[in-house]
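Below you'll find the structure, written out as C-alpha cells, and then a few comments.
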Amino acid sequence: MSTSEKLTEIYELLFERFGPQHWWPCTRLGTGWPGDSQFEIIIGAILTQNTNWTNVEKAIANLKNANALSARVLYEMNLEELAALIKPAGYFNIKTRRLKSFLTWLFDEYDGRIENIEQLSTARLREDLLNIKGIGNETADSILLYAFERPIFVVDAYTARVVIRHGLLEGSCDYEQLQQLFQFSLTEDVALFNEYHALLVRVGKDFCKPKAKCSGCPLENLPHTIETV
DNA sequence: GACCAGGCACATC
DNA sequence: GATGTGCATGGT
8 MSTSEKLTEI YELLFERFGP QHWWPCTRLG TGWPGDSQFE IIIGAILTQN TNWTNVEKAI
68 ANLKNANALS ARVLYEMNLE ELAALIKPAG YFNIKTRRLK SFLTWLFDEY DGRIENIEQL
128 STARLREDLL NIKGIGNETA DSILLYAFER PIFVVDAYTA RVVIRHGLLE GSCDYEQLQQ
188 LFQFSLTEDV ALFNEYHALL VRVGKDFCKP KAKCSGCPLE NLPHTIETV
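Per the numbering used here: the first sequence ends with 236, consecutive numbering throughout.
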C-alpha cells in the first residue's frame with residue numbers, strides 16, 4: 008500500500024469515527040462556523056499556543072465585548088489592558104507581546120490591512136510570519152491554512168505521534184519532513200487539510216497519547232511499528 | 001492536587 | 001545541534 012493510500016485510509020477511519028471537527032471555517036466548503044473573520048482566526052492561532060481552546064474562546068469573547076477584535080484597536084491598546092483581556096488564555100504576558108509583534112509587523116509593513124497580506128504568495132507570507140517573534144511553524148501554518156486557505160498542512164505533536172507509531176516516518180523526523188509527507192502524498196486540498204489536522208488532534212487527545220496503548224482507537228487495526236511513542 | 005491543553009523563544013550543555 | 005525550562009489559566 009502506498010503512502011498516499013495509507014494517509015487516505017487514516018483520514019477515512021478518523022472521519023468515520025469522529026465526523027467533522029468544526030475548527031475554523033473553510034469557506035470553500037461552508038464547513039465550520041460562519042462569521043470567524045481572518046483576523047479573529049489569526050488572533051486565535053496565537054492565543055491557542057499550548058492552550059486548551061475553551062480558554063481561548065473566553066479570551067476572544069473578552070476581546071469582542073471590549074470591541075477590541077480589530078487590528079487598529081489592538082495595535083493601539085496598551086499592554087496591560089490587552090493582557091487583562093486575554094488572561095483566560097494563559098501565558099498572557101507572553102501572548103500580549105506575541106500579538107503586539109504580529110500587529111507591529113502588520114502596520115509597519117502592510118498598513119494594518121489583512122487584505123494587503125492576502126495578496127502575498129504562500130511562500131512569502133510563510134517566511135514573513137516565521138520572522139515574527141512568537142510565531143513558529145505550527146502557528147504560521149495554522150494561519151496560512153485556516154485564515155488564508157492556502158494548501159499547507161499543519162503539523163503538531165499529535166501528527167508526529169500518529170505518523171511515527173504507524174511507521175510512516177522515523178522517530179527522528181522533523182517538522183518539514185512531517186509536513187511534506189502529507190503535502191506530497193495527498194492532493195492539495197484546503198478543506199481536506201483543514202479537517203485532517205483537526206482529526207489528528209482529536210485522535211491524539213482521545214487515544215494516541217504518550218505511552219498509552221491503542222485499544223479503542225479508530226486506527227488500532229492498522230499496522231503499527233511502535234505501540235507507544 | 002496532579003495533569004494537560006490546537007507552542008515558542010531562549011539558555012545551557 | 002539537541003535538550004531543558006519558563007510561561008499561566010481553567011477543565012478533568
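Positions of the beta carbon are idealized from the N, C-alpha and C atoms, including for glycine.
Backbone secondary structure at residue i - three-state DSSP
| i | result |
| --- | --- |
| V208 | helix |
| D213 | helix |
| A75 | coil |
| K107 | helix |
| G51 | helix |
| D135 | helix |
| I17 | helix |
Counted within 10 angstroms of its Cβ, other Cβ atoms place residue i as buried (16 or more) or exposed
| i | result |
| --- | --- |
| N201 | buried |
| I101 | exposed |
| R120 | exposed |
| D181 | exposed |
| A130 | exposed |
| A96 | buried |
| R79 | exposed |
| T232 | exposed |
| L199 | buried |
CB-CB length for residue i against residue j, believed under 8 Å
| i | j | result |
| --- | --- | --- |
| Y153 | W30 | 7 Å |
| R24 | P225 | 4 Å |
| I17 | L54 | Their Cβ separation, rounded to whole angstroms, is 29 Å, which puts I17 and L54 out of contact at 8 Å. |
I'd like to know if the stretch 45 to 58 and the stretch 90 to 110 are in contact, where contact means that at least 3 CB-CB pairs between them fall below 8 Å. yes
Hey, is the stretch 165 to 179 in contact with the stretch 203 to 221, meaning 3+ C-beta pairs nearer than 8 Å? yes
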